[in-house]
Amino acid sequence: MREKPAFSVCVYCGSRPGAEPAYAAAAQRVGRWIAERRGQLVYGGGHNGLMGLMADACLQAGGRVIGVIPKALVDKEWAHTGCTELHVVDNMHERKRIMAEHADAFLALPGGIGTFEEFFEVWTWRQLGYHDKPIGLLNLDGFYDSLLVFLNSALKQGFMNGGQMDLIRTSTDAPALLDMLVTEAKAGLASEKLRLDQI
Ligand code: AMP
5 MREKPAFSVC VYCGSRPGAE PAYAAAAQRV GRWIAERRGQ LVYGGGHNGL
55 MGLMADACLQ AGGRVIGVIP KALVDKEWAH TGCTELHVVD NMHERKRIMA
105 EHADAFLALP GGIGTFEEFF EVWTWRQLGY HDKPIGLLNL DGFYDSLLVF
155 LNSALKQGFM NGGQMDLIRT STDAPALLDM LVTEAKAGLA SEKLRLDQI
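Residue numbers (this note's numbering): 5 to 203.
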């Protein structure tokens with residue numbers, strides 16, 4: 005029987021590799037970090053861009069990878085058939101719900117609009133009380149600096165409050181951020197009340 009993973013992290017990241025090699029290196033680092041600590045990676049199930057690099061690095065280091073992909077994207081995103089479990093689901097809504105249900109924590113790496121949407125969605129779900137799982141944003145080489153400036157401007161302009169900002173963790177260092185998220189997830193698990201099925 006397969007050993008239960010020590011933790012499960014859902015990672016959102018680019019379906020493209022980005023312009024600098026540092027993005028690929030960080031995605032691979034994240035995959036390996038999860039594997040080396042006997043954790044589980046949950047992601048969108050594609051084999052392209054940072055998504056594929058991260059999943060391959062995790063699998064190669066002996067990690068467990070759950071991919072969740074809508075059937076309409078199986079060819080477009082080049083579904084990763086090497087995943088420990090590949091869930092081919094009916095639509096995007098189901099993909100996001102299954103990914104969230106399998107996660108103890110969420111992490112967004114650099115990416116594009118898909119990554120942004122997923123990050124903001126789990127953040128808004130958390131503020132609404134649909135889940136209580138930690139959320140991290142990897143600000144690799146300042147990739148998210150301008151987003152953070154914009155968010156602070158929305159705060160100053162009275163459209164957000166500090167409590168909302170406190171719901172996310174940001175760091176430029178992938179292992180430090182993963183460590184923080186996993187520690188927080190473990191501390192919160194006993195009291196967690198999940199309501200993701202009500203989304
Ligand atoms: P991107 O960051 O745009 O490269 O996309 C990364 C991943 O996000 C890809 O697997 C996309 O299929 C996925 N994605 C795109 N739009 C959405 C959405 N509305 N909800 C969830 N995932 C999405």
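Where is the CB? At the ideal position from N, CA and C, for every residue including glycine.
All of these numbers come straight from a predicted model, not from anything done at the bench.
Looking at the ligand AMP, does it come within less than 7 angstroms of Met96, judged from the CB to the closest heavy atom?
On the sequence shown, residue 96 is found 92 positions in, with the first residue counted as 1. Answer for Met96: yes, Cβ within range of the ligand AMP.
Hey, Ala112 and Val13 are a contact pair by Cβ (cut 8 angstroms); roughly how many whole angstroms apart? The residue you call residue 112 lines up with position 108 of the sequence shown. The residue you call residue 13 lines up with position 9 of the sequence shown. Not confirmed; about 11 angstroms, so no contact.
| So which of Asp94, Ala76 and Ala104 has the shortest CA-CA distance to Ile70? | Position 66 of the sequence shown, counted from the start, is the residue given in the question as residue 70. Ranking Asp94, Ala76 and Ala104 by Cα distance to Ile70 puts Ala104 first.
Going straight from the alpha carbon of Val72 to that of Ala10, what length do you get?
-> Taking the sequence shown and counting its residues from 1, one reaches residue 72 at position 68. Taking the sequence shown and counting its residues from 1, one reaches residue 10 at position 6. When rounded, the distance between both Cα atoms is 20 angstroms.
Exercise. CB of Thr119 to nearest heavy atom of the ligand AMP: below 7 angstroms?
Worked result: Position 115 of the sequence shown, counting from 1, holds the residue named residue 119. Yes; taking the cut-off as 7 angstroms, the Cβ of Thr119 has a heavy atom of the ligand AMP nearer than that.
| Comparing the CB of Met164 with every heavy atom of the ligand AMP, is any distance shorter than 7 angstroms? | For the purposes of this step, residue 164 is taken as the residue at position 160 of the sequence shown. Incorrect: Met164 has no Cβ contact closer than 7 angstroms to the ligand AMP.
- prompt: What is the C-beta distance between Gly56 and Ala39, in whole angstroms, given that I count them as a contact (C-beta under 8 angstroms)?
  reply: The residue given as residue 56 occupies position 52 in the sequence shown. The residue given as residue 39 occupies position 35 in the sequence shown. Between Ala39 and Gly56 the Cβ distance is about 15 angstroms, and since that is not below 8 angstroms, they are no contact.
Practice item. Please find out if some non-hydrogen atom of the ligand AMP comes closer than 7 angstroms to the beta-carbon of Lys100. Key: Looking up residue 100 in the sequence shown gives position 96. Result yes, Cβ under 7 angstroms from the ligand AMP.
Margin query: One question on the structure: do Met58 and Val34 come within less than 8 angstroms of each other, judged by their Cβ atoms?
Written below: Stepping through the sequence shown from its first residue, residue 58 is reached at position 54. Stepping through the sequence shown from its first residue, residue 34 is reached at position 30. In contact: Met58 and Val34 (Cβ atoms closer than 8 angstroms).
Quiz prompt | Which listed residue (Met169, Gly140, Leu144 and Leu142) has its alpha carbon closest to that of Phe154 | solution = For the purposes of this step, residue 154 is identified with residue 150 of the sequence shown, where counting begins at 1. For Phe154, the nearest C-alpha among the options comes from Met169.
Supposed close pair Ala65, Leu144 - CB separation, criterion 8 angstroms = The residue given as residue 65 occupies position 61 in the sequence shown. The residue given as residue 144 occupies position 140 in the sequence shown. No, Ala65 and Leu144 are not in contact; Cβ-Cβ is about 20 angstroms, not under 8 angstroms.
heavy atom of the ligand AMP below 7 angstroms from Glu81 C-beta = Mapped onto the sequence shown, residue 81 falls at position 77. Checking every heavy atom of the ligand AMP against the Cβ of Glu81, one is found closer than 7 angstroms.
*Closer than 7 angstroms: is that where the CB of Arg20 sits relative to any heavy atom of the ligand AMP?*
To locate residue 20, count along the sequence shown from 1; it is residue 16. Result yes, Cβ under 7 angstroms from the ligand AMP.
Notebook entry, point to check: What three-state label does DSSP hand Ala150 in the structure shown?
Noted result: For the purposes of this step, residue 150 is taken as residue 146 along the sequence shown, with counting starting at 1. For clarity, residue 150 is Ser in the given sequence; the question names Ala instead. Three-state DSSP puts Ser150 in a helix.
According to DSSP, is Cys87 part of a helix, a strand, or is it coil?
Counted from its first residue, the sequence shown places residue 87 at position 83. DSSP places Cys87 in coil when its eight states are reduced to three.
Outcome for Ser195 when other beta-carbon atoms lying within 10 angstroms are tallied against a minimum of 16:
As a first step, residue 195 is located in the sequence shown; it is residue number 191 there, counting from the start. Its pLDDT being 49, under 50, Ser195 is placed unreliably by the model, and the measurement read from it follows with that caveat. With fewer than 16 Cβ atoms within 10 Å of its Cβ, Ser195 is classed as exposed.
Return yes when at least one heavy atom of the ligand AMP lies under 7 angstroms from the C-beta of Glu7, else no. Numbered from its first residue, the sequence shown carries residue 7 at position 3. No, the Cβ of Glu7 stays beyond 7 angstroms of every heavy atom of the ligand AMP.
- Query: Taking C-alpha atoms, which residue in Phe163, Gly166, Met184 and Asn165 lies nearest to Arg173?
  - Reply: Here residue 173 is taken as the residue at index 169 of the sequence shown, counted from 1. Checked all of Phe163, Gly166, Met184 and Asn165; the closest Cα to Arg173 is Met184.
Euclidean distance between Cα positions of Ala83 and Ser157
Here the question's residue 83 lines up with position 79 in the sequence shown. Here the question's residue 157 lines up with position 153 in the sequence shown. Going from the Cα of Ala83 to the Cα of Ser157 covers about 39 angstroms.
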